[in-house]
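For the sequence shown, my numbering assigns the number 8 to the initial residue and increments by one for each residue that follows.
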Amino acid sequence: MGRRIAIIGAGQAGLQLALGLASADQEVTLVTDRSGEEIRNGRVLSTQCMFGESLATERDLGIDFWREDCPQIPGIRYSLGEPDGNLALQFGGKLRAPAQSVDQRLKMPRWLEELERRGGEIVYRDLDLEYVESLARDYDLLVIASAKGAFGKLLPEIFQAQPEYSPYSSPQRQLAVAYVHDMEPLDPPYFSICIVPGVGEFFVGPALTLSGPCYTLCFEAIPGGDMDRWGDVPLDDVDRHLAVCLEVLERYFPWEAERCQSWRLTDDLGVLKGALTPVVRERVGRLPSGAPVLGVGDAVVLNDPLVGQGANNAAKGTTVVTREILDRGQGAFDAEWMRQAGDRYWETVRFAARFTNMMLSPPPHVADLFGAANENPALADHLANGTNTPATLFPWIMAADGVEGLARELAPVAPVGG
Numbered sequence: 008m009g010r011r012i013a014i015i016g017a018g019q020a021g022l023q024l025a026l027g028l029a030s031a032d033q034e035v036t037l038v039t040d041r042s043g044e045e046i047r048n049g050r051v052l053s054t055q056c057m058f059g060e061s062l063a064t065e066r067d068l069g070i071d072f073w074r075e076d077c078p079q080i081p082g083i084r085y086s087l088g089e090p091d092g093n094l095a096l097q098f099g100g101k102l103r104a105p106a107q108s109v110d111q112r113l114k115m116p117r118w119l120e121e122l123e124r125r126g127g128e129i130v131y132r133d134l135d136l137e138y139v140e141s142l143a144r145d146y147d148l149l150v151i152a153s154a155k156g157a158f159g160k161l162l163p164e165i166f167q168a169q170p171e172y173s174p175y176s177s178p179q180r181q182l183a184v185a186y187v188h189d190m191e192p193l194d195p196p197y198f199s200i201c202i203v204p205g206v207g208e209f210f211v212g213p214a215l216t217l218s219g220p221c222y223t224l225c226f227e228a229i230p231g232g233d234m235d236r237w238g239d240v241p242l243d244d245v246d247r248h249l250a251v252c253l254e255v256l257e258r259y260f261p262w263e264a265e266r267c268q269s270w271r272l273t274d275d276l277g278v279l280k281g282a283l284t285p286v287v288r289e290r291v292g293r294l295p296s297g298a299p300v301l302g303v304g305d306a307v308v309l310n311d312p313l314v315g316q317g318a319n320n321a322a323k324g325t326t327v328v329t330r331e332i333l334d335r336g337q338g339a340f341d342a343e344w345m346r347q348a349g350d351r352y353w354e355t356v357r358f359a360a361r362f363t364n365m366m367l368s369p370p371p372h373v374a375d376l377f378g379a380a381n382e383n384p385a386l387a388d389h390l391a392n393g394t395n396t397p398a399t400l401f402p403w404i405m406a407a408d409g410v411e412g413l414a415r416e417l418a419p420v421a422p423v424g425g
């Protein structure tokens, strides 16, 4: 007999968990405050790029509905620039499996439909603590997978922050996003990561949106710096938003600006801006009544999008939690079980959190890493594939001698003369 499980949140974590459980004949109720139509007709939500392992979890569930239509990303191009706009170095790393990026305005409505098709129940309503308490009473397990909206403000009262994994008390980047058509492609069509130390970062890659193939752009400006230019630009002034994007590219990333001379926004809701403070919370929370709840996704591990791990963490982490729930059988979903399931979730995503936090304030040897990868294709590939499996970046990326050691290990072998 299936267990009765309630899930709050219809993002990557909440929906993928719900779909995995519904596929295994569990009685799933998903609670969200936005319908599929509202999401589809709303503003872009992110610039998610999913890598091989994460995509595999979707395909195992039969929910990657866009593989044939979505541009496939075979690798990552890294560019290290200087504050004057000069390009210091540039190299590419090949991914072992292609990545892809699907506009969540396409993805989440389709997944909501699929959840109902698989027997899940969806409740559309605003959240308050009284209702959340009722879910904890009425279901065998309550999982919180949302950090957005009014309910997100209650999370610090439910899930305690872990200071040892949460080094920042304020946003480390100001973010600006745009979805565009008619940007000149790279050959091969790599995802592009551009870094100017002391200024900020820029990321752009192929994606699929409501109107077809496109590019997603994400600017990460150090707060208060010269690149931090979107603060007084209203989101409904899309022409100005895009103009500021081009200004920043021409000033700091001119090699990318060259690709943007004919671009246009995909739609008037294809822009976004904001900031977040990275935080890691205990995976087991307590409601005011004392009832224990399990947290997944952004509710408990909120990363800056700097290295593109949010949706990937959600996919891989909730796959682990799905397995833990199913393996529990008819056993109680008590606080001790939640702690064990939460620990396994954290083991799955912790290296991504460490990698993100490190790159927000990169130590000097990261520049040495880029220099070595520029000369060593095997190291460049290893770095690129670390976005898929961040654990492979550790512990060597934490220290200069680790970078030097891996560079030597992966150095090309000179041919023996004869």
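C-beta: ideal position from N, C-alpha, C; glycine also.
Taking C-beta separations shorter than 7 angstroms and ignoring five residues to either side along the sequence, E164 has no partners in its chain.
Cα atoms of E120 and C267: separation of roughly 36 angstroms, rounded to the nearest angstrom. Per the coordinates, the alpha-carbon of R41 lies some 38 angstroms from the alpha-carbon of P369. Per DSSP, the beta-bridge partners of E227 are L182, E208. Collapsing the DSSP output to three states places P299 in a strand. The residue from S153, V307, A321 with its alpha-carbon nearest to that of T39 is S153.
Considering only F226, L37, A185, M345, the residue with the shortest C-alpha distance to A298 is M345.
Listed in chain order, the non-local C-beta contacts of I151 below 6 angstroms within the same chain comprise I15, V300, G302, A306, local neighbours out to five positions each way being set aside. Separation of the CB atoms of E257 and A264 is rounded to 5 angstroms, and the pair is thereby assigned contact status at 8 angstroms. In the structure shown, the three-state DSSP call for P213 is strand. For the set L24, Q33, P192, L283, the Cα lying nearest the Cα of G336 is the one of Q33.
For a cut-off of 8 angstroms, the C-beta gap from F98 to A380 is around 6 angstroms, short enough to register as a contact. DSSP lists no bridge partner for E121. If you draw a straight line from the Cα of K323 to the Cα of A348, it is about 13 angstroms long. Excluding five sequence positions before and after A282, the CB atoms of its chain that fall closer than 8 angstroms to its own CB belong to P178, R180, Q181, L182, P230, given in chain order.
The bridge partners DSSP lists for M57 are Q107. Counting along the chain, E128 sits inside no alpha helix (DSSP H); it lies in the beta strand (DSSP E) bounded by residues 128-131. For F198, no alpha helix (DSSP H) run applies; the uninterrupted beta strand (DSSP E) run containing it begins and ends at 198-203, by DSSP.
Scanning its chain for C-beta atoms nearer than 7 angstroms, with the 5 sequence neighbours on each side dropped, one finds around A414 the residues A379, N383, L386, in chain order.
Assignment of G349 by DSSP, reduced to helix, strand and coil, places it in the helix class.
Per the C-alpha coordinates, the member of E208, V203, L148, T284 positioned closest to P90 is V203.
Looking at L148, H188, L134, the one whose alpha-carbon comes closest to that of S218 is H188. Sorting V286, G69, D375 by C-alpha distance to the C-alpha of L162 places V286 at the top. Under the 10 Å beta carbon count, S141 is surrounded by fewer than 16 other beta carbons and is classified as exposed. Under a 10 Å Cβ-count criterion, N93 is classified as exposed, with fewer than 16 other Cβ atoms of the shown protein chains found around its own Cβ.
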